[in-house]
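K.L.:
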């Protein structure tokens, strides 16, 4: 009798464990289904947000759309040049020194970092002013992140106190403390660098083709006019800049995305 009771008890435990496993599987499947629906809803919302941002200009709400990077603190949206308000990024032609005192192209790196961060996402810019070059001065946002503050936090830009940049001082202190970007070594503040008459022209300066608004979008971090005439690397002052298809001047001979490397 005791043996029978023991067997029945074992069988009962066995069936209970099967039921528990079945419940556990159902719970897991229900959780996975909820997660899949949440991710699908998130993708739909992001898509709707992107469409909203792309069509927002039709309603006169600032400058919104795909952006090309002119230099570390200047964008172009729908043909309009936009200077990021309250910050000053190292110039595209500028070099800095790293922690070992070795020069590195901090200006180009800043422009590349901004272009990579924006990617193909639409940018929404809220104008605050217009500068002497006719550029809109604005606060710009991509994917919910303010680009002005992001550049300072990542160590690519300084708070431009002369033009309202005091709001970014805390972000600048954090970048300096963590030695991000240009803070990894030493550098000349961009407003001082621009005062040097020997400094090479920057992609953000309005000289030559830039004054005429003739900067080919295939070279987003420098200002090179589209052909004709066809130009060679010896015709321009820039080296190691980002190149996008179709590369009308054929600066990127090895097709690695970098122009005039040598």
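In our numbering, the protein residues as written are 1250 to 1511. Virtual Cβ for every residue (Gly too), placed ideally from N, Cα, C. Computed from a prediction, not measured in an experiment: that's the story for all the values here.
1. List the DSSP bridge partners of residue 1336.
2. State the DSSP-derived secondary structure class of residue 1430, mapped to helix, strand or coil.
3. According to DSSP, is residue 1324 helix, strand or coil?
4. Going by alpha carbons, who is nearest to residue 1346 out of 1339, 1355, 1340?
5. Got a sec, what are the start and stop residues for the alpha helix (DSSP H) residue 1364 sits in?
6. Could you round the C-beta distance between residue 1326 and residue 1372 to whole angstroms and report it? I think they count as a contact, below 8 Å.
7. Report yes if the CB atom of residue 1321 is closer than 7 Å to the CB atom of residue 1360, and no otherwise.
8. Just tell me which of 1328, 1438, 1350 has its CA closest to the CA of residue 1336.
9. Can you tell me where the beta strand (DSSP E) with residue 1386 in it begins and where it stops?
10. How long is the line joining the alpha carbons of residue 1307 and residue 1329, rounded to whole angstroms?
11. Let's test the definition: count the other Cβ atoms within 10 Å of the Cβ of residue 1479 and tell me whether it reaches 16, buried, or not, exposed.
12. Can you look up residue 1307 in the DSSP assignment and give me helix, strand or coil?
13. Can you tell me the Cα-Cα spacing of residue 1314 and residue 1414, whole angstroms?
14. Buried or exposed, going by whether 16 or more other CB atoms sit within 10 Å of the CB of residue 1431?
15. Count the other CB atoms, across all protein chains shown, that sit within 10 Å of the CB of residue 1419; report buried if there are 16 or more and exposed otherwise.
16. Could you compute how far the alpha carbon of residue 1378 sits from the alpha carbon of residue 1385?
17. Keeping to the same chain, check which residues put their C-beta closer than 6 Å to that of residue 1409; ignore five residues upstream and five downstream.
18. Give the straight-line distance between the Cα atoms of residue 1481 and residue 1498, rounded to the nearest whole angstrom.
19. Of the choices 1441, 1485, 1445, 1436, whose alpha-carbon is the least far from that of residue 1352?
20. Whose CA, out of 1317, 1349, 1404, 1421, lies closest to the CA of residue 1364?
21. Quick one: what's got a C-beta closer than 7 Å to residue 1425's C-beta in the same chain, skipping five residues either side?
22. So, for residue 1496: in the same chain, excluding its five sequence neighbours on each side, which residues have a beta-carbon less than 6 Å away from its beta-carbon?
23. Give me, in chain order, the residues of the same chain whose beta-carbon lies closer than 8 Å to that of residue 1507; leave out the 5 immediate sequence neighbours on both sides.
24. Have a look at 1404, 1401, 1440 and flag the residue whose alpha-carbon is nearest the alpha-carbon of residue 1411.
25. Does the separation of the CB atoms of residue 1370 and residue 1434 fall below 7 Å?
26. Run the CB neighbour count on residue 1402, radius 10 Å, all protein chains shown included, and call it buried at 16 or more, exposed below.
P.N.:
So, from the data block:
1. One-based indexing of the chain shown puts residue 1336 at position 87. DSSP lists 1408 as partners of residue 1336.
2. As a working mapping, residue 1430 is identified with position 181 in the chain shown. Note: residue 1430 maps to helix in three-state DSSP.
3. For the purposes of this step, residue 1324 is taken as the residue at position 75 of the chain shown. Residue state, collapsed to three classes: strand.
4. Numbered from 1 along the chain shown, position 97 holds the residue referred to as residue 1346. Ranking 1339, 1355, 1340 by Cα distance to residue 1346 puts 1355 first.
5. Start at 1 with the first residue of the chain shown, and residue 1364 comes out as number 115. Looking at the DSSP string, the run of the alpha helix (DSSP H) that includes residue 1364 is 1355-1367.
6. In the chain shown, counting from the first residue as 1, residue 1326 sits at position 77. In the chain shown, counting from the first residue as 1, residue 1372 sits at position 123. Yes, residue 1326 and residue 1372 are in contact; Cβ-Cβ is about 6 Å, under 8 Å.
7. Stepping through the chain shown from its first residue, residue 1321 is reached at position 72. Stepping through the chain shown from its first residue, residue 1360 is reached at position 111. Yes; because the gap between Cβ atoms is below 7 Å, this pair is in contact.
8. Translated into the one-based positions of the chain shown, residue 1336 becomes position 87. Taking only the C-alpha atoms, the option nearest residue 1336 is 1438.
9. Stepping through the chain shown from its first residue, residue 1386 is reached at position 137. Segment 1385-1391, the beta strand (DSSP E) holding residue 1386.
10. Reading the chain shown from its first residue, position 58 is the one you call residue 1307. Reading the chain shown from its first residue, position 80 is the one you call residue 1329. Residue confidence is low: residue 1307 scores 40 on pLDDT, short of 50, so the model does not pin down where it sits. Its coordinate-derived value is still stated next. Using only the alpha carbons, I get a separation of about 15 Å.
11. By 1-based counting over the chain shown, the position of residue 1479 is 230. It counts as exposed.
12. Taking the first residue of the chain shown as position 1, residue 1307 is located at position 58. Note that residue 1307 scores a pLDDT of 40, beneath 50, so its modelled location is shaky and nothing firm can be said.
13. Position 65 of the chain shown, counting from 1, holds the residue named residue 1314. Position 165 of the chain shown, counting from 1, holds the residue named residue 1414. If you take the alpha carbons of residue 1314 and residue 1414, they lie about 25 Å apart.
14. Position 182 of the chain shown, counting from 1, holds the residue named residue 1431. Label assigned to residue 1431: buried.
15. Working through the chain shown from its first residue, we reach residue 1419 at position 170. With fewer than 16 Cβ atoms within 10 Å of its Cβ, residue 1419 is classed as exposed.
16. Reading the chain shown from its first residue, position 129 is the one you call residue 1378. Reading the chain shown from its first residue, position 136 is the one you call residue 1385. Taking the straight line joining both Cα atoms gives about 6 Å.
17. The residue given as residue 1409 occupies position 160 in the chain shown. Excluding sequence neighbours, residue 1409 sits near 1335, 1336, 1337.
18. Translated into the one-based positions of the chain shown, residue 1481 becomes position 232. Translated into the one-based positions of the chain shown, residue 1498 becomes position 249. Roughly 7 Å separates the two Cα atoms.
19. Mapped onto the chain shown, residue 1352 falls at position 103. Answer by Cα proximity: 1436.
20. As a working note, residue 1364 is residue 115 in the chain shown. Ranking the options by Cα distance to residue 1364, first place goes to 1317.
21. Along the chain shown, one-based indexing puts residue 1425 at 176. Answer for residue 1425: 1432, listed in chain order.
22. Indexing the chain shown from 1 puts residue 1496 at position 247. Cβ within range, chain order: 1467.
23. Position 258 of the chain shown, counting from 1, holds the residue named residue 1507. So the qualifying residues of the chain are 1489, 1490, 1491, 1492, 1501.
24. Residue numbering aside, residue 1411 sits at position 162 when the chain shown is read from its first letter. Minimum Cα distance to residue 1411 is reached at 1440.
25. Locating residue 1370 in the chain shown gives position 121, counting from the first residue. Locating residue 1434 in the chain shown gives position 185, counting from the first residue. In this structure, residue 1434 does not lie closer than 7 Å to residue 1370 by Cβ.
26. Taking the chain shown and counting its residues from 1, one reaches residue 1402 at position 153. Counting Cβ neighbours within 10 Å, residue 1402 comes out buried, since at least 16 surround it.
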